[in-house]
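Quick note, the sequences are listed as chains A and B, same order. Residue numbers for the first sequence follow my numbering, beginning at 106 and rising by one. Residue numbers for the second sequence follow my numbering, beginning at 106 and rising by one.
Number of protein chains: 2
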Amino acid sequence: MTAVKGETRTRLLDTALGLFTVHGVEGTSLQMIADALGVTKAAVYYHFRTKDEITEAVAQPALDELVALLDHAATINRPGPRADYVIDGFVDLVVRNRVLVAVLCSDPGIIRAIDRILHGEESVMTRLPAMLVGPDADEGAQVSSHVALAGIAMAGGSPALAAMDDETLRRHLVDAMRRQLGRPRRRDTPTP
Amino acid sequence: MTAVKGETRTRLLDTALGLFTVHGVEGTSLQMIADALGVTKAAVYYHFRTKDEITEAVAQPALDELVALLDHAATINRPGPRADYVIDGFVDLVVRNRVLVAVLCSDPGIIRAIDRILHGEESVMTRLPAMLVGPDADEGAQVSSHVALAGIAMAGGSPALAAMDDETLRRHLVDAMRRQLGRPRRRDTPTP
DNA sequence: GTCTATACAACGATAGAC
DNA sequence: GTCTATCGTTGTATAGAC
């Protein structure tokens, strides 16, 4: 009659993400998480050794997707189609994880966790721009890629656009990102 | 031989910004600030009543500039020149405060402080996009303005572009922002 | 006015009993 | 798996020395 394996852990992560969204990572204490679950602080510590570990576990799935996106993009040789693929994939990732991205982008706790998850391997923050404009692009293109990536991520998580439905937001973000990177507007919607 | 009025306060804010830059706001304790100044924690408390007050004081000058920029932009009637003015002013503000902006954009402590500073008055985050694309712009233009603003701010503070000198970064950011907003490239550099 | 000394509740974290 | 008890440190607060 005991809980399914991992059930408590999953419930804990759901609770944590909910609290992170409202109070931020820093503003969420282990006590709050424990209270919300009806257990003590020490019980939370049984499932996760540190608060950072909880933060990492919350961000993990989205980051895995991002790494997978980059890995697949690396197999596309022609720069144009590769950029198209990254644009569509990145926007889709951001839109599907809007709530998480909002927390993710505005919290140094999560940002440090991200650095830890991408354990040493060539940073995503280096690979992403390279996939869009090439590794040896001129300064202007590099700045443009950073503006595009940061802008899409932040705008996607912005409370100001929270009311917009996923499909509409996705369309506008793709348009904005293509415009920023100087790629022509698409007519067709790709089949992912 | 006592210190000049406000001298300790200024030194404290400089020290705080330096520590915020390295460890983040959350990661910087009052003890660290006090130690760096060679005083006790309570001495810090004499100059500022709370940690939040320190955070606010660090962000204050840049935010005052931003509000002034918006106030002046509001006096420009024609949308085109007004957008041009905001683009130039915003990029300039970001570039001149690169270090601060890097902390500012990635720390909920500062973000909360910002909300507090802009005490109730119509939010900057609402006024800024309106100055760029008008208050009743279509969805696409609104998304575009958010992408542009967030992108410029984040890219400006990004460690990846920290090596770029101010003049070059400013030029590329203005180009990127104009492209995102669909405004033609400028030949002349404006005299601010 | 400017600081030190001291105290306090809440935090993240650990050890060990049930 | 969950608990109690405890640790050092944090932000905050007050009393009082110079």
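No residue lacks a Cβ here, since even glycine has one placed at the ideal position from N, Cα and C. Bear in mind the structure is a predicted one, so any value in this text is a computation, not a measurement.
Item to check | Rounded Cβ spacing between A:Ala-258 and A:Val-199 (contact assumed at less than 8 Å) | outcome: Position 153 of the first sequence, counting from 1, holds the residue named residue 258 of chain A. Position 94 of the first sequence, counting from 1, holds the residue named residue 199 of chain A. Going by Cβ atoms, the distance from A:Ala-258 to A:Val-199 rounds to 6 Å, so yes, they are a contact pair.
Checklist entry - Closer than 8 Å, CB to CB, is A:Val-248 near chain B or not? => result If you number the first sequence from 1, residue 248 of chain A lands on position 143. Chain B contact via Cβ: present.
Checklist entry - Alpha carbon to alpha carbon, what distance is there between A:Asp-169 and A:Phe-195? => result Numbered from 1 along the first sequence, position 90 holds the residue referred to as residue 195 of chain A. Numbered from 1 along the first sequence, position 64 holds the residue referred to as residue 169 of chain A. Distance between the alpha carbons of A:Phe-195 and A:Asp-169 is about 13 Å.
Checklist entry - Leaving out the 5 sequence neighbours to the left and right, which residues in its chain are closer than 7 Å to B:Lys-146 when beta-carbon positions are compared? => result In the second sequence, counting from the first residue as 1, residue 146 of chain B sits at position 41. For B:Lys-146, where only same-chain residues beyond five positions count, the Cβ hits under 7 Å are Leu-135, Gln-136 and Ala-139.
Checklist entry - With 16 as the cutoff for other CB atoms within 10 Å, does A:Asp-189 come out buried or exposed? => result Stepping through the first sequence from its first residue, residue 189 of chain A is reached at position 84. It is buried - the Cβ of A:Asp-189 has at least 16 other Cβ atoms within 10 Å.
Next on the checklist: Check this for me: beta carbons of A:Ser-249 and A:Val-238, under 8 Å apart or not?
Outcome noted: What you label residue 249 of chain A is simply residue 144 of the first sequence in a count that begins at 1. What you label residue 238 of chain A is simply residue 133 of the first sequence in a count that begins at 1. Contact: yes.
Item to check | Segment limits, alpha helix (DSSP H) that includes B:Thr-133 | outcome: Taking the second sequence and counting its residues from 1, the one referred to as residue 133 of chain B is at position 28. Looking at the DSSP string, B:Thr-133 is not in any alpha helix (DSSP H), and its letter there is neither H nor E.
Next on the checklist: I believe A:Ile-215 touches A:Val-130 by the beta-carbon criterion, under 8 Å. Please report the beta-carbon distance rounded to the nearest angstrom.
Outcome noted: Here residue 215 of chain A refers to the residue found at position 110 of the first sequence. Here residue 130 of chain A refers to the residue found at position 25 of the first sequence. Contact flag correct, Cβ pair sits at about 6 Å.
Checklist entry - List, in order along the chain, the chain A residues whose C-beta lies closer than 9 Å to that of B:Arg-240? => result Here residue 240 of chain B corresponds to residue number 135 of the second sequence, with the count starting at 1. According to the sequence shown, residue 240 of chain B is Pro rather than Arg. Near B:Pro-240 there are no residues of chain A at all, since even the closest Cβ is about 13 Å away, more than 9 Å.
Checklist entry - Going by alpha carbons, who is nearest to A:Arg-276 out of A:Asp-241, A:Asp-193 and A:Asp-212? => result Taking the first residue of the first sequence as position 1, residue 276 of chain A is located at position 171. That would be A:Asp-193, whose Cα lies nearest to the Cα of A:Arg-276.
Checklist entry - CB-CB under 7 Å to B:Arg-290, same chain, minus the five flanking residues each way: which ones, in chain order? => result Within the second sequence, numbered from 1, the residue matching residue 290 of chain B stands at position 185. Only Asp-280 and Arg-283 meet the Cβ criterion.
Item to check | chain B within 8 Å of A:Arg-284, Cβ atoms only | outcome: Residue numbering aside, residue 284 of chain A sits at position 179 when the first sequence is read from its first letter. Yes, its Cβ sits closer than 8 Å to a Cβ of chain B.
Next on the checklist: Would A:Leu-205 and A:Ala-167 be called neighbours here (beta carbons separated by less than 8 Å)?
Outcome noted: Position 100 of the first sequence, counted from the start, is the residue given in the question as residue 205 of chain A. Position 62 of the first sequence, counted from the start, is the residue given in the question as residue 167 of chain A. Going by C-beta atoms, A:Leu-205 is nearer than 8 Å to A:Ala-167.
Item to check | Alpha-carbon spacing of A:Ile-181 relative to A:Leu-175, whole angstroms | outcome: Along the first sequence, one-based indexing puts residue 181 of chain A at 76. Along the first sequence, one-based indexing puts residue 175 of chain A at 70. Spanning the two alpha carbons is a distance of roughly 10 Å.
Checklist entry - Quick one: what does DSSP say B:Ile-181 is sitting in, helix, strand or coil? => result Here residue 181 of chain B is taken as the residue at index 76 of the second sequence, counted from 1. The answer is coil: DSSP assigns B:Ile-181 none of H, G, I, E or B.
Checklist entry - Hey, does B:Ala-162 have any beta-carbon neighbour from chain A nearer than 8 Å? => result Walking along the second sequence from the start, residue 162 of chain B turns up at place 57. So, not an interface residue.
Checklist entry - Between the Cα of A:Ser-211 and the Cα atoms of A:Phe-153, A:Phe-125 and A:Arg-114, which residue gives the shortest distance? => result Within the first sequence, numbered from 1, the residue matching residue 211 of chain A stands at position 106. A:Ser-211 has its Cα closest to that of A:Phe-125, out of A:Phe-153, A:Phe-125 and A:Arg-114.
Checklist entry - Along chain A, in chain order, which residues have C-beta atoms closer than 9 Å to that of B:Ser-263? => result Mapped onto the second sequence, residue 263 of chain B falls at position 158. What B:Ser-263 touches in chain A: Met-230, His-251 and Ala-255.
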